[in-house]
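Scroll down for the structure; my scribbles are underneath it.
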Amino acid sequence: MTTTMSDHHTWRSLPAAQQPDWPDPTAVEEVVAELSGYPPLVSPRECDRLRDRLAAVASGNAFLLQGGDCAETFTASSAEAVRGKLRTLAQMAVVLARGSGLPVVTVGRIAGQYGKPRSRPTETQDGLTLPAYRGEAVNGAAFTPADRAPDPRRMLRAYHASAATLDQLWRLISQGYPNLGQVHGWTREFVARPEIADRHRRLAGEIESALTFLRAYGANPDELRSAEFYTSHEALLLHYEAALTRFDPRTRAAYATSGHLLWIGERTRQLDGAHVAFAESIRNPVAVKLGPATTPDDALTLVERLNPDAEPGRLTLITRMGADRIRDVLPPLVEKVTASGVPVAWVCDPMHGNTFTAPSGHKTRRFRDVADEVTGFFAVHHMLGTHPGGLHLEVTGEDVTECVGGCAAVSMADLGKRYETACDPRLNHNQALDLAFEVAGLFREPSGRAAA
Ligand SMILES: O=C[C@H](O)[C@H](O)COP(=O)(O)O
Ligand SMILES: C=C(OP(=O)(O)O)C(=O)O
Ligand SMILES: [Mn+2]
Numbered sequence: 043m044t045t046t047m048s049d050h051h052t053w054r055s056l057p058a059a060q061q062p063d064w065p066d067p068t069a070v071e072e073v074v075a076e077l078s079g080y081p082p083l084v085s086p087r088e089c090d091r092l093r094d095r096l097a098a099v100a101s102g103n104a105f106l107l108q109g110g111d112c113a114e115t116f117t118a119s120s121a122e123a124v125r126g127k128l129r130t131l132a133q134m135a136v137v138l139a140r141g142s143g144l145p146v147v148t149v150g151r152i153a154g155q156y157g158k159p160r161s162r163p164t165e166t167q168d169g170l171t172l173p174a175y176r177g178e179a180v181n182g183a184a185f186t187p188a189d190r191a192p193d194p195r196r197m198l199r200a201y202h203a204s205a206a207t208l209d210q211l212w213r214l215i216s217q218g219y220p221n222l223g224q225v226h227g228w229t230r231e232f233v234a235r236p237e238i239a240d241r242h243r244r245l246a247g248e249i250e251s252a253l254t255f256l257r258a259y260g261a262n263p264d265e266l267r268s269a270e271f272y273t274s275h276e277a278l279l280l281h282y283e284a285a286l287t288r289f290d291p292r293t294r295a296a297y298a299t300s301g302h303l304l305w306i307g308e309r310t311r312q313l314d315g316a317h318v319a320f321a322e323s324i325r326n327p328v329a330v331k332l333g334p335a336t337t338p339d340d341a342l343t344l345v346e347r348l349n350p351d352a353e354p355g356r357l358t359l360i361t362r363m364g365a366d367r368i369r370d371v372l373p374p375l376v377e378k379v380t381a382s383g384v385p386v387a388w389v390c391d392p393m394h395g396n397t398f399t400a401p402s403g404h405k406t407r408r409f410r411d412v413a414d415e416v417t418g419f420f421a422v423h424h425m426l427g428t429h430p431g432g433l434h435l436e437v438t439g440e441d442v443t444e445c446v447g448g449c450a451a452v453s454m455a456d457l458g459k460r461y462e463t464a465c466d467p468r469l470n471h472n473q474a475l476d477l478a479f480e481v482a483g484l485f486r487e488p489s490g491r492a493a494a
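Numbering (this note's numbering), first residue to last: 43 to 494.
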């Protein structure tokens, strides 16, 4: 597929959902002009390599682990915060690789996840109505008129925060962080916890014996690591994305250089809208979220629009149906898309269809529902003979209390203790590992067992 520079302006003439109410259009144009002169954050070659990796996911030869914050904040690019996220994703990847026997492609929701679509444009507290928080690239989370006023200059800060995060990521990765020996040491500590299920311990034991074998064979697990890591975020703020889109003379195509993989959200995937048109115009691998109201025809049209050349790795479909719907609504979508012959990677987001408000007022999710949606996802793909290609998660390396249940045993009453998310509730480090073990088990027992 060849795209030209003019293609990526088509979106401007189409309705764009979920855009901020910028108070001053001239200020937006000034920011766009400034961003247009900034260096790319990722390179087209890296995007192409990720497309190759996702082609392996689509064909059943790899598994995607995509995860990170719902909404990144400008202060989250500290060395410690980035290190914690890398650590959690690396631990999950090792467990999933052992369970699946497949290479795991790791992609962060990181270094650019600064724009949020919302259910409602405003929020009211004690009689005061202000614009809803739409991510740090738009406004501030504090409920004050000053913070909530959309400010386009925040897009410049989002660029610099992304660059700082990438800098930390590449520094850590080039230092060999984390290596396989370290990763397994942490996993050993995790499974030593008394509340961990025996089947998780058995799988950790298998990793242990694989490492023993490697050592016996003369390899040092402390020198082994995955050198590849990719970034992703929702392509929501089209002024920002277009300003960072660059023509690549090597491939004669336009690439969004704000991140390797960009996705279109459930609230912005309108077929006649600007987001789909923008995604069509870039050469990056792209993904689309599909919620429970998606019809098989909607899915097929998106597939035909976003992957017209039936290129493996170009398109990932991220389903987010809810634990109680997935077994009913996913099969007709998979059947229709499979019958078209266009290759796609199928990925499960078990977070966004399972959100509810706790009595304390916190937005939360139950670990049990999250695990159950993934179980349903595996069962459907097993039944249809298609590949359950990956997980898309909201997750952090910190010991927060935002989702309830799991081995970390966070209760509704605990939610206020460390509820730190800027938007949706994330799995904490232990809940994330618990889920990785559950999912690893699904490769062996695809219809699953009752989740804890
Ligand atoms: O992360 C996704 C969305 O921004 C979020 O789920 C919307 O949440 P809301 O219903 O609180 O607006
Ligand atoms: C907004 C999000 O999801 P969805 O578009 O699936 O609601 C998200 O991933 O944070
Ligand atoms: Mn979210």
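For glycine and all other residues, C-beta sits at the position ideal for the given N, C-alpha and C.
The C-beta of G169 has fewer than 16 other C-beta atoms within 10 Å across all chains shown, which makes the residue exposed. In the structure shown, D314 falls within a coil segment according to DSSP collapsed to helix, strand and coil. Residue state for Y201 is assigned as helix, using DSSP reduced to three classes. The segment 398-410 makes no contact with the segment 66-82: fewer than 3 CB pairs, one atom from each, lie closer than 8 Å. Along the length of the segment 328-401, whole beta strand (DSSP E) runs at least 3 residues long occupy 328-332, 357-361 and 387-390, reported in chain order. Of the heavy atoms belonging to ligand 2, none sits nearer than 7 Å to the Cβ of P334.
Leaving aside the five residues that flank A132 on each side, the residues in its chain whose CB is nearer than 6 Å to its CB run, in chain order, P220 and V225. For R125, the CB contacts under 8 Å within the same chain, skipping 5 residues up- and downstream, are Q210, L214, Y219 and G439 in chain order. Closest option to T299, judged by alpha-carbon separation, among E346, T310, S274 and A316: S274. Ordered by chain, the residues meeting the criterion of a beta-carbon within less than 5 Å of a non-hydrogen atom of ligand 3 are C112 and D466. If you check the C-beta of T397 against ligand 1, you find a heavy atom less than 7 Å away. For the pair T130 and S268, the CB atoms are not nearer than the 8 Å cut-off.
The beta-carbon distance between P291 and C89, rounded to whole angstroms, is 15 Å. This is too long to meet the 8 Å contact definition. Taken atom to atom, the span from the alpha-carbon of L56 to that of H317 is near 9 Å.
R468 sits buried, since 16 or more C-beta atoms from the chains shown fall within 10 Å of its C-beta. Relative to T428, the option among L222, T343, H302 and P385 whose CA is nearest is P385. Judged by DSSP secondary structure, Y156 falls outside any alpha helix (DSSP H); it is assigned neither H nor E. Taking 4 residues as the minimum length, the segment 421-473 contains no alpha helix (DSSP H) run wholly inside it. The criterion of a C-beta distance shorter than 8 Å is satisfied by N472 and G448.
In this structure, DSSP gives T171 an extended state, which the three-state scheme calls strand. F479 and A104 have their C-alpha atoms some 17 Å from each other. Distance check between R160 and each of W212, G355, N181 and V389 places N181 closest, using alpha-carbon atoms only.
DSSP places T115 outside both helix and strand once states are collapsed to three, so it counts as coil. Beta-bridge annotation (DSSP): D290 is paired with A295. Shown here for A200: same chain residues with a beta carbon closer than 6 Å to its own, the five before and five after excluded, namely Y156 and A179 in chain order.
Here the alpha carbon of V146 sits roughly 43 Å from the alpha carbon of A69.
D94 counts as exposed, since fewer than 16 other beta carbons sit within 10 angstroms of its beta carbon. Judged by the Cβ position, K331 fails to qualify as a neighbour of ligand 1 at the 7 Å threshold, every heavy atom of the ligand being at least this far. Straight through space, the alpha carbons of V136 and A284 are spaced by roughly 36 Å. Shortest gap from the CB of K158 to any heavy atom of ligand 1: under 7 Å. Taking a contact as a CB-CB distance under 8 Å, the pair F420 and L484 counts as one, their CB atoms being some 4 Å apart. S274 carries a strand assignment under DSSP once its states are collapsed to helix, strand and coil.
Following the DSSP letters along the chain, one finds Q224 inside the alpha helix (DSSP H) bounded by residues L222 to V233.
Contact annotation: L332 and T287 have beta-carbon atoms that are not nearer than 8 Å. Residue pairing by DSSP places L303 opposite S274 in a beta bridge. Counted as a single uninterrupted DSSP element, the stretch harbouring F255 is not any beta strand (DSSP E) but the alpha helix (DSSP H) occupying residues D240 to A258.
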